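Novice: Under the UniProt record's numbering, the residue at position 92 of the sequence shown is numbered 92, and the numbers go up by one with no gaps.
Idealized CB from N, CA, C, for every residue including glycine.
Keep in mind the model is a prediction, meaning the values are calculated, not measured.
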Amino acid sequence: MTMTEMPAEGASPVLDVRGLTKSFHMHHLGQRLDPFRDVSFAVGQGEFLLLRGPNGVGKSTLLRTIFRTCLPESGAVIFASRRGAVDLARAADVDVALLRRDEIGFVTQFLVARPRVAAEDIVAEPLRRLGRPASEALEEARHWLSAFGVKRDLWRAYPTTFSGGEQQKVNLARALILPPRLLLLDEPTASLDAGARAALVARLAELKHAGVAMIGVFHHPGDVETLIDRVIDLGRKEVSDVAV
Ligand SMILES: Nc1ncnc2c1ncn2[C@@H]1O[C@H](COP(=O)(O)OP(=O)(O)OP(=O)(O)O)[C@@H](O)[C@H]1O
Ligand SMILES: [Mg+2]
1 MTMTEMPAEG ASPVLDVRGL TKSFHMHHLG QRLDPFRDVS FAVGQGEFLL LRGPNGVGKS
61 TLLRTIFRTC LPESGAVIFA SRRGAVDLAR AADVDVALLR RDEIGFVTQF LVARPRVAAE
121 DIVAEPLRRL GRPASEALEE ARHWLSAFGV KRDLWRAYPT TFSGGEQQKV NLARALILPP
181 RLLLLDEPTA SLDAGARAAL VARLAELKHA GVAMIGVFHH PGDVETLIDR VIDLGRKEVS
241 DVAV
């Protein structure tokens, strides 16, 4: 499918995806699967793009390709980083790792929990890395754990044993404690209760206001309806320019 989307006039794109094509070669079956072909769109500061389409159409694969967990067959993923433009499809692994640490956030349904690290330390880590005093970082981490509804008893516990929803809340608190330049969201509300969903939408609104560019897949797009600027529909040939 071919699609072209540009950010609102005057906005400088944070991400410019050009002619992106991804194929999976399933050698054992002698088959090739093309989740998406020649996809182009751009997203500017403070813009929220909803990515949608039926199951298996390639939404997660597209986000993973932007995050460079997947390599595309062809096309470019130009990211205007704070240190200049970089094609994420071609950048060195070490540069991609730095960008993931400092500028590009990715929230999926799965927590990358490390053994024997307390929930509050996982959440505080991005602030500590910036040199914030330990007590201040911890206080802010607790604020976000509380905002997403993680019970106080769990703050010092290890999230490896948490329920799916509790893990997701820790995940969100850590991923959203600082505004990244680009934020990718893959069904972040899937295992959340109503309170956490509301807290997430409130935080995303703040981040949008702060200029974060966002691309998200949402099981219930109604949750984020007020934030959506444009929709990329991977299941259709044409692209709509209006929200849901
Ligand atoms: N590593 C892989 N190897 C082979 N095929 C894959 C691989 N990863 C994904 N696929 C296939 O690519 C297609 C797109 O998958 P993807 O997970 O991107 O879909 P999706 O749009 O996110 O679906 P859902 O709404 O169910 O989350 C699927 O048919 C899937 O089976
Ligand atoms: Mg998916």
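My output table needs one value for Lys-237: the three-state DSSP class, helix, strand or coil.
Specialist: Low per-residue confidence applies at Lys-237: pLDDT is 47, beneath 50, and the placement is therefore not dependable enough to give any value.
Novice: Using DSSP with H/G/I as helix, E/B as strand and the rest coil, what is Ile-122?
Specialist: Note: Ile-122 maps to helix in three-state DSSP.
Novice: Quick check: what's the CA-CA separation for residue 250 versus Arg-100?
Specialist: Given a span of 1 to 244 for the chain in the structure shown, any question on residue 250 remains unanswerable.
Novice: Tell me the DSSP secondary structure of Ile-228 in three-state form.
Specialist: Residue state, collapsed to three classes: coil.
Novice: Which class does Met-1 belong to by DSSP, given the choice of helix, strand or coil?
Specialist: Unreliable placement is indicated for Met-1, whose pLDDT of 37 sits below 50; no coordinate value is reported for it.
Novice: Using a Cβ-based criterion (distance less than 7 Å to any ligand heavy atom), does Val-57 qualify as near ligand 1?
Specialist: Flag set: Cβ of Val-57 near ligand 1.
Novice: Given Leu-88, which residues of its chain have a CB within under 7 Å of its CB, disregarding the five upstream and five downstream residues?
Specialist: Contacts found: Ile-66, Arg-68, Val-77, Phe-79 and Val-96.
Novice: Quick check: what's the CA-CA separation for Arg-174 versus Cys-70?
Specialist: Going by the C-alpha atoms only, they are around 23 Å apart.
Novice: Considering only residues of the region 32-67, which uninterrupted alpha helix (DSSP H) runs meet the minimum length of 4 residues and lie entirely inside it, listed in chain order?
Specialist: Listed in chain order, they are 59-66.
Novice: For Leu-127 versus Phe-148, is the C-beta spacing smaller than 8 Å?
Specialist: Contact: no.
Novice: Answer yes if the region 201-209 comes into contact with the region 157-168, meaning at least three C-beta pairs across the two stretches below 8 Å, and no otherwise.
Specialist: As far as the Cβ criterion goes, the region 157-168 does not touch the region 201-209, which means the pair count is below three.
Novice: Going by the C-beta, is Val-94 closer than 7 Å to any heavy atom of ligand 2?
Specialist: Not so, every heavy atom of ligand 2 lies at least 7 Å from the Cβ.
Novice: Within a Cβ cutoff of 8 Å, which residues of the same chain sit near Val-12, ignoring the five residues on either side of it in sequence?
Specialist: The residue you asked about is not Val; residue 12 is Ser in the sequence shown. If we look at Ser-12 and ignore the five residues flanking it on each side, its Cβ neighbours are Gly-44, Gln-45 and Ala-80.
Novice: Give the DSSP-derived three-state secondary structure of Ala-85 in the structure shown.
Specialist: Strand at Ala-85.
Novice: Is DSSP giving Val-201 helix, strand or coil here?
Specialist: Val-201: helix per DSSP, three-state reduction.
Novice: From what residue to what residue does the beta strand (DSSP E) around Val-117 run?
Specialist: Run containing Val-117: none; DSSP gives neither H nor E here.
Novice: State the beta-bridge partners of Ala-76 as determined by DSSP.
Specialist: Bridge partners of Ala-76: Arg-18.
Novice: With a cut-off of 8 Å on the beta carbons, I'd call Glu-120 and Arg-142 a contact; round off their distance for me.
Specialist: Yes, they are in contact, since the Cβ atoms of Glu-120 and Arg-142 sit about 6 Å apart, within 8 Å.
Novice: Confirm, please, whether the CB-CB distance from Leu-50 to Val-231 is below 8 Å.
Specialist: Yes; because the gap between Cβ atoms is below 8 Å, this pair is in contact.
Novice: Around the Cβ of Phe-110, are there at least 16 other Cβ atoms within 10 angstroms (buried) or fewer (exposed)?
Specialist: It counts as exposed.
Novice: DSSP on His-209, reduced to helix/strand/coil?
Specialist: Helix.
Novice: To the nearest angstrom, report how far apart Glu-47 and Ala-205 are at their CA atoms.
Specialist: Cα to Cα, Glu-47 sits roughly 11 Å from Ala-205.
Novice: Going by alpha carbons, who is nearest to Pro-188 out of Phe-218, Pro-179 and Arg-181?
Specialist: If we check each option's Cα against that of Pro-188, Phe-218 comes out closest.
Novice: Does Ser-12 come out as helix, strand or coil in the three-state DSSP assignment?
Specialist: In the structure shown, Ser-12 sits in coil (DSSP, three-state: anything other than H, G, I, E or B).
Novice: Using the C-alpha atoms, what's the distance from Phe-106 back to Pro-180?
Specialist: Taking the straight line from one Cα to the other gives about 10 Å.
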